[in-house]
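The structure appears right after this line, and notes come after that.
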Amino acid sequence: MRARSAGAPKFLNLSQIRFPIGAIASIGHRLSGVLLMVSLPLLALALDRSLRSEPEFAALRDLVSAPWRALLLVILVWAAAHHLFAGVRHLLADIGVGSRLAQARTSAWAVIVAAGIIALAAALRWLS
Amino acid sequence: MRVSIYRFNPETDTKPRMQDYDVAPEAGDKKLLDVLMRLKTMDDSLSFRRSCREGVCGSDAMNINGRNGLACLTSLQGMKEPVVLRPLPGFPVIRDLIVDMTQFFAHYHSIKPYLINNEALPERERVQSPAEREKLNGLYECILCACCSAFCPSFWWNPDKFIGPAGLLQAYRFISDSRDTATAERLAYLDDVYRLYRCRTIMNCTEVCPKGLSPSHAIERIRLALVRESS
Chain A
1 MRARSAGAPK FLNLSQIRFP IGAIASIGHR LSGVLLMVSL PLLALALDRS LRSEPEFAAL
61 RDLVSAPWRA LLLVILVWAA AHHLFAGVRH LLADIGVGSR LAQARTSAWA VIVAAGIIAL
121 AAALRWLS
Chain B
1 MRVSIYRFNP ETDTKPRMQD YDVAPEAGDK KLLDVLMRLK TMDDSLSFRR SCREGVCGSD
61 AMNINGRNGL ACLTSLQGMK EPVVLRPLPG FPVIRDLIVD MTQFFAHYHS IKPYLINNEA
121 LPERERVQSP AEREKLNGLY ECILCACCSA FCPSFWWNPD KFIGPAGLLQ AYRFISDSRD
181 TATAERLAYL DDVYRLYRCR TIMNCTEVCP KGLSPSHAIE RIRLALVRES S
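If you want it as structure tokens, here you go:
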């Protein structure tokens, strides 16, 4: 079907749209999913190395002790936590649990805050 | 009151621009539409749709300070200034705040928004019990303003394939109608990765519905009906 205004402009500047909290939790879910997909092979490789011997474990620990690398780990911890919580929230919503607007808003806040607390704990552990 | 409005005239403009207006609302001006009507008397080139001015026709849907809503139901009281008005997001702009809703209505037509019943006509009417009628509440009130579909990221990225919250709410209105006998066909049509399952339960639709309806709940009920049917 060809709309009569083919080639017409569209307003779709996301920075000018005021997103509800559910949309922010959802964008976070997407973003954390991408981060996890990209990083999981490297993390699995790191786990494999760390289990080989004590010196390899120590070398790996030294490798991630640099602040910017530790920051990467904190971001990945956030991604894992957010993705897990947001995923469970979605699964529950699929069977009608917490799918009413007020409950969905609360659970979106809960996902964001819980993932934030876990990331903060990781930051305090590795960045301080 | 300062109002900043998205302007685009296809005959003279190559791209849209924002135009600021200063307007003093008068005593009788209660809703945003009143201010828009006043602006129209100041600048008759300003284009927007409106008709009933009381939230029934669904014509004056637009993006108001970053959220979709009806200008006629948006109270002036407590509005953040400048009031920024843009057309419904993701829809092709015909002129200023007027968008092309061809695609939106094509999806609406695709779900066959009418009662289908091939059984012999009863002598008088097709009777519903109060409980059966109750199931239509929260569904039949949709005015097709498109606030929901134009606030749905899944609809923004797949406007040609995803039916969108408004169309799916309407689909469920007929699925849950006890007088309709085409439920299986309706569900079979919706059982598609794009038409129905592009919904990611973001619930932006329910957040902005000016009639307080819940398209996300209707979508959830359609999904559950499909699960029940397949088991």
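In order, the protein sequence lines correspond to chains A and B.
Under full-length UniProt numbering, the first residue of the first sequence carries the number 1, and numbering increases by one thereafter.
Under full-length UniProt numbering, the first residue of the second sequence carries the number 1, and numbering increases by one thereafter.
Glycine is no exception: its CB is placed at the ideal position from the N, C-alpha and C atoms.
Small disclaimer: the values here were computed from a predicted structure and weren't measured.
Among the residues of chain B, those whose CB is under 7 Å from the CB of Ser26(A) are Arg200, Ile202, following chain order. For Tyr189(B), no Cβ of chain A is located within less than 8 Å of the residue's own Cβ. Listed along chain B, the residues sitting closer than 7 Å to Pro9(A) by beta-carbon distance are Phe8, Lys15, Pro16, Val93. Contact between the segment 12–30 of chain A and the segment 171–189 of chain B is not established, with fewer than three Cβ pairs separated by less than 8 Å. Looking at the backbone, the Cα of Ala81(A) and that of Trp157(B) are separated by about 27 Å. A check of alpha carbon separations from Arg67(B) across Gly167(B), Pro16(B), Tyr172(B), Cys147(B) identifies Cys147(B) as the nearest.
At a cut-off of 8 Å between C-beta atoms, Gly22(A) counts as an interface residue with respect to chain B. With contacts defined by Cβ atoms closer than 8 Å, Asn65(B) and Arg49(A) do not form a contacting pair. CA-to-CA, the gap between Tyr114(B) and His107(B) works out to about 14 Å. Across the UniProt domain "2Fe-2S ferredoxin-type" (1–91) of chain B, CB contacts with chain A closer than 8 Å involve Tyr6, Phe8, Pro10, Lys15, Pro16, Asn63, Asn65, Gly66, Arg67, Val84, Arg86, Pro87, Leu88, Pro89, Gly90, Phe91, in sequence order along the chain. Taking 8 Å as the threshold, the shortest C-beta distance from Ser154(B) to chain A does not fall below it. At a beta-carbon threshold of 7 Å, the residues of chain A lying near Glu220(B) are Gly96, Ser99, ordered along the chain. The straight-line gap separating the alpha-carbon atoms of Val34(A) and Ser65(A) is approximately 24 Å. Less than 8 Å divides the Cβ of Leu39(B) from the Cβ of Tyr21(B). Taking a Cβ-Cβ cut-off of 7 Å, His109(B) has no neighbours in chain A, whose nearest Cβ is about 11 Å from it. Under the DSSP assignment, Gln19(B) falls in the beta strand (DSSP E) whose first and last residues are 17–22. Contiguous alpha helix (DSSP H) elements confined to the UniProt domain "2Fe-2S ferredoxin-type" (1–91) of chain B occur at 32–42, taking only those with 4 or more residues.
Taking a Cβ-Cβ cut-off of 7 Å, the neighbours of Thr206(B) in chain A comprise Leu101, given in sequence order.
Distance between Ile24(A) and Ala70(A), taken at the CA atoms: about 25 Å. Against chain A, the beta carbon of Ser178(B) has no neighbour under 8 Å; the closest one sits roughly 21 Å away. For the pair of segments examined, the segment 77–86 of chain B was found not to touch the segment 115–124 of chain A: the number of CB pairs separated by less than 8 Å stays below three. Apart from the 5 residues on each side of it in sequence, Val84(B) sits with its Cβ closer than 6 Å to the Cβ of Ser4, Asn65 in its chain, given in chain order. The distance from the Cβ of Pro82(B) to that of Arg2(B) is about 4 Å, consistent with a contact at the 8 Å cut-off. By the C-beta criterion, the segment 48–57 of chain B is judged to be in contact with the segment 96–107 of chain B, since at least 3 inter-stretch pairs fall below 8 Å. For Arg69(A), the secondary structure class from DSSP, reduced to helix, strand or coil, is helix.
If you look at Ile222(B), you'll find it in the alpha helix (DSSP H) that goes 215–230. The residues Gly55, Gly69, Leu70, Leu73, Cys145, Cys147, in chain order, have a CB closer than 7 Å to that of Pro210(B) in the same chain once the five nearest residues on each side in sequence are set aside.
The closest CA to that of Thr181(B), considering only Pro92(B), Arg126(B), Cys152(B), is found on Arg126(B).
Bridge pairing for Ile98(B): Arg95(B) [DSSP].
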